[in-house]
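To start, the structure itself, in structure tokens.
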Amino acid sequence: MMSTNSRRKRCDIPANIMIGFLGAGRMAQAMARGLISGGVVQPSKIWASDPDPTVLKFIQCLGVNTTSKNEEVVKNTQVVVIAVKPNVVSSLLKEVSPFITKDNLVVSIAAGIRISVIEELLPHASRVIRVMPNTPALVQAGAAVLAPGSAILKGDNDLVAELLSSVGICEEGTEANLDAVTGVSGSGPAYAFAAIEALSDGGVKMGLPRALSTKLAAQTLLGAAKMVLETGKHPGQLKDEVCSPGGTTIHAMHTLEKAGFRSALIDAVEAATKHSQFLGKLG
Ligand SMILES: NC(=O)c1ccc[n+]([C@@H]2O[C@H](COP(=O)([O-])OP(=O)(O)OC[C@H]3O[C@@H](n4cnc5c(N)ncnc54)[C@H](OP(=O)(O)O)[C@@H]3O)[C@@H](O)[C@H]2O)c1
26 MMSTNSRRKR
36 CDIPANIMIG
46 FLGAGRMAQA
56 MARGLISGGV
66 VQPSKIWASD
76 PDPTVLKFIQ
86 CLGVNTTSKN
96 EEVVKNTQVV
106 VIAVKPNVVS
116 SLLKEVSPFI
126 TKDNLVVSIA
136 AGIRISVIEE
146 LLPHASRVIR
156 VMPNTPALVQ
166 AGAAVLAPGS
176 AILKGDNDLV
186 AELLSSVGIC
196 EEGTEANLDA
206 VTGVSGSGPA
216 YAFAAIEALS
226 DGGVKMGLPR
236 ALSTKLAAQT
246 LLGAAKMVLE
256 TGKHPGQLKD
266 EVCSPGGTTI
276 HAMHTLEKAG
286 FRSALIDAVE
296 AATKHSQFLG
306 KLG
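Numbering-wise, the sequence shown is residues 26 to 308 according to the working numbering.
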């Protein structure tokens, strides 16, 4: 069950809240950068740990606190984001578990790792929320869905939703939704990048300069997405509205249909969802 109003303010983010990232790779950087550039959290209120000094140097450019010790992040922050690859989550949680207290709210963004698995590896009644975000959080255009664990406190969901809403939209869902969410929005930016690249290739094939073609393709996806979100119209209706009888667009649509365009996207979402389910079974 999803909430319908993702833009409603759920709560105020406490001014002194400290946010930690265990793992300082792509997602941690996207989220930290989004939170900072959106003016939601000061860089000094963010900690990040990673074994790779080069990665730490990169995130240090944002002005956040960095360390190679995960324990230090847990001790210095209230919201602790698990931002390592799924295959590392279990060993990471075993390592930090002795330092997790009731003051920590653990937010896992790891694809496929079930809340029950995380809760089992942490002290009894730890506060856990599982989230599936995506990288456009970097430019305040992320899409995230959160699912609450069994021992969260009143306000925990709202706090995480508010943090994530500051870098895009955040919907509340159930854990059963999250594999499919991974298939649509978690992995989705890659499908959109591939679409932009292919549209740009088409423009270049037909004689446009590369830079112009890429810019037009990207802006077209952005504009179409905004029309879906802002008009509330069904995407099929919006498509119909730009297909004039016998016109250029309906000719192009027929070509896409023959190439299995829509089936390919449905298959892609199914493949990503199934892989997320597989990761979940590995535990
Ligand atoms: N990227 C996306 O679009 C996306 C979208 C939604 C969700 N996610 C989820 O976000 C999580 C992170 O993905 P990512 O793309 O940001 O991965 P990433 O770029 O590989 O970042 C993970 C970082 O964690 C570090 N790390 C490994 N072991 C660690 C440990 N024990 N303690 C602390 N740090 C450790 C890694 O270092 P080494 O490289 O040296 O191992 C790496 O720098 C994943 O679970 C993924 O499922 C990603």
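Every residue, glycine too, gets a C-beta built ideally from N, C-alpha and C.
Being a predicted model, the structure only gives us computed values, none of them experimental.
Endpoints, alpha helix (DSSP H) assigned at residue i
| i | result |
| --- | --- |
| Met-252 | 235-256 |
| Leu-87 | Run containing Leu-87: none; DSSP gives neither H nor E here. |
| Ala-297 | 286-307 |
| Val-206 | 203-206 |
| Val-121 | 111-121 |
| Ile-3 | The requested residue 3 does not occur in the structure, where the chain is confined to residues 26 to 308. |
| Ile-61 | 51-62 |
Range covered by the beta strand (DSSP E) that runs through residue i
| i | result |
| --- | --- |
| Phe-46 | 44-47 |
| Pro-173 | 167-173 |
| Gly-193 | 193-197 |
| Ser-93 | Counting along the chain, Ser-93 falls outside any beta strand (DSSP E), and DSSP gives it neither H nor E. |
| Arg-155 | 152-157 |
| Leu-130 | 130-133 |
| Ser-74 | 71-74 |
Residue closest to residue i, alpha-carbon to alpha-carbon, out of the options
| i | options | result |
| --- | --- | --- |
| His-149 | Gly-232, Ser-175, Arg-139, Val-105 | Ser-175 |
| Ser-69 | Phe-218, Ser-133, Ala-57, Ala-49 | Ala-57 |
| Leu-81 | Ala-201, Glu-96, Arg-51, Gln-103 | Arg-51 |
| Pro-214 | His-279, Ala-293, Gly-272 | Ala-293 |
| Lys-179 | Gly-48, Val-106, Ala-219, Arg-152 | Arg-152 |
| Pro-161 | Gly-232, Gln-54, Ala-236 | Gln-54 |
| Glu-200 | Met-43, Ile-134, Val-106, Leu-189 | Ile-134 |
| Ser-62 | Lys-299, Ser-301, Val-192, Leu-247 | Val-192 |
| Asn-159 | Leu-146, Leu-147, Ala-136 | Ala-136 |
| Leu-224 | Ala-40, Gln-103, Ser-238 | Ser-238 |
| Ser-93 | Ile-154, Val-121, Ala-166, Ala-205 | Val-121 |
| Gly-59 | Arg-287, Gln-85, Ile-140, Ser-190 | Ser-190 |
| Ser-141 | Ala-172, Ile-194, Arg-287, Tyr-216 | Ala-172 |
| Val-98 | Arg-287, Ala-73, Thr-126, Lys-264 | Ala-73 |
| Val-209 | Val-132, Asp-181, Ala-289 | Ala-289 |
| Thr-102 | Met-43, Gly-88, Asn-112 | Met-43 |
| Ala-250 | Asn-90, Thr-91, Asp-77, Ala-168 | Ala-168 |
| Gln-67 | Asp-75, Asp-77, Gly-45, Arg-139 | Gly-45 |
| Asn-41 | Val-65, Ala-205, Lys-306 | Val-65 |
| Glu-295 | Ser-269, Lys-258, Asp-204, Leu-263 | Asp-204 |
| Val-113 | Leu-47, Phe-124, Lys-127 | Leu-47 |
| Cys-86 | Ala-186, Ile-221, Ala-49, Glu-145 | Ala-49 |
| Ser-301 | Ile-107, Arg-139, Pro-39 | Arg-139 |
beta-carbon residue i near ligand 1 non-hydrogen atom, thresh 7 Å
| i | result |
| --- | --- |
| Val-209 | no |
| Met-278 | no |
| Ile-44 | no |
| Met-333 | Outside the displayed span of the chain (26 to 308) sits residue 333, for which this structure offers no information. |
| Thr-160 | yes |
| Leu-47 | yes |
| Arg-51 | yes |
| Pro-111 | yes |
| Asp-181 | no |
| Leu-281 | no |
| Met-157 | yes |
| Ala-250 | no |
| Ala-219 | no |
| Leu-117 | yes |
| Pro-76 | yes |
| Asn-95 | yes |
| Val-131 | no |
| Ile-134 | yes |
| Ala-172 | no |
| Ala-297 | no |
| Ala-108 | yes |
Inter-residue CB distance, residue i and residue j (contact presumed, cutoff 8 Å)
| i | j | result |
| --- | --- | --- |
| Ile-143 | Leu-163 | Between Leu-163 and Ile-143 the Cβ distance is about 25 Å, and since that is not below 8 Å, they are no contact. |
| Asn-105 | Asn-129 | According to the sequence displayed, residue 105 carries Val and not Asn. Sure, about 5 Å apart at Cβ, within 8 Å. |
| Arg-35 | Asp-183 | 4 Å |
Residue i Cβ short of 7 Å to ligand 2 heavy atom set
| i | result |
| --- | --- |
| Ile-291 | Ligand 2 is absent from the structure shown, which contains only ligand 1. |
is_contact[residue i, chain C] using C-beta, thresh 8 Å
| i | result |
| --- | --- |
| Ala-169 | Structure shown: chain C not included; a single protein chain is present. |
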